[in-house]
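**Q** Please find one structure pasted underneath; my questions will follow.
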Amino acid sequence: MMKRNITKTLGAGLMALSFPLMLSCSVISGGGGVSNDPEVSAQQEEVSRLKQEHREAERRAEEASQREKAAKDRLKAAEHELKALEEQAKRRNSN
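Here the sequence shown stands for residues -29 to -1, 1 to 66, numbered as in mature numbering (1 follows the signal peptide of the UniProt record, and there is no 0).
Structural data, given as structure tokens:
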């Protein structure tokens, strides 16, 4: 459960930090067109790279969340099976 909260917090933090950057660059560049200025063009490329990196991080966070849920489900099933086996052993020993 703690990992899930950390993942959500991390994802929310990344989104909170990247959104103003994406918005300000979009407004400054006039909508994302390629500029003739090499510095502007380089910065646009950096923003695009960071957007892709952010999307990849979100995808990996979602995959990790799904793996965590599957592991939790397997753990609960194993605990349930252990409890059933312990009860069976207890009944055998009492007879």
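In this text, a Cβ means the ideal position worked out from N, Cα and C, and glycines have one as well. Here the structure is a predicted model, which means the values were calculated and not measured.
#1: Roughly how many angstroms lie between the CA atoms of residue 35 and residue 26, to the nearest whole one?
#2: Apply the 10 Å Cβ neighbour rule to residue 23 and answer buried if 16 or more other Cβ atoms are within range, or exposed otherwise.
#3: In the DSSP assignment, find the unbroken alpha helix (DSSP H) run with residue 8 in it and report its ends.
#4: Report the residue from 29, 12, 56 and 20 whose alpha carbon sits nearest the alpha carbon of residue -17.
#5: With DSSP run on the structure shown, which of helix, strand or coil describes residue 66?
**A** On the basis of the supplied data:
#1: The residue given as residue 35 occupies position 64 in the sequence shown. The residue given as residue 26 occupies position 55 in the sequence shown. When rounded, the distance between both Cα atoms is 14 Å.
#2: Here residue 23 refers to the residue found at position 52 when the sequence shown is read from its first residue. When all chains shown are included, residue 23 counts as exposed.
#3: The residue labelled residue 8 in the question sits at position 37 within the sequence shown. Looking at the DSSP string, residue 8 is not in any alpha helix (DSSP H), and its letter there is neither H nor E.
#4: For the purposes of this step, residue -17 is taken as residue 13 along the sequence shown, with counting starting at 1. For residue -17, the nearest C-alpha among the options comes from 29.
#5: On the sequence shown, residue 66 is found 95 positions in, with the first residue counted as 1. In the structure shown, residue 66 sits in coil (DSSP, three-state: anything other than H, G, I, E or B).
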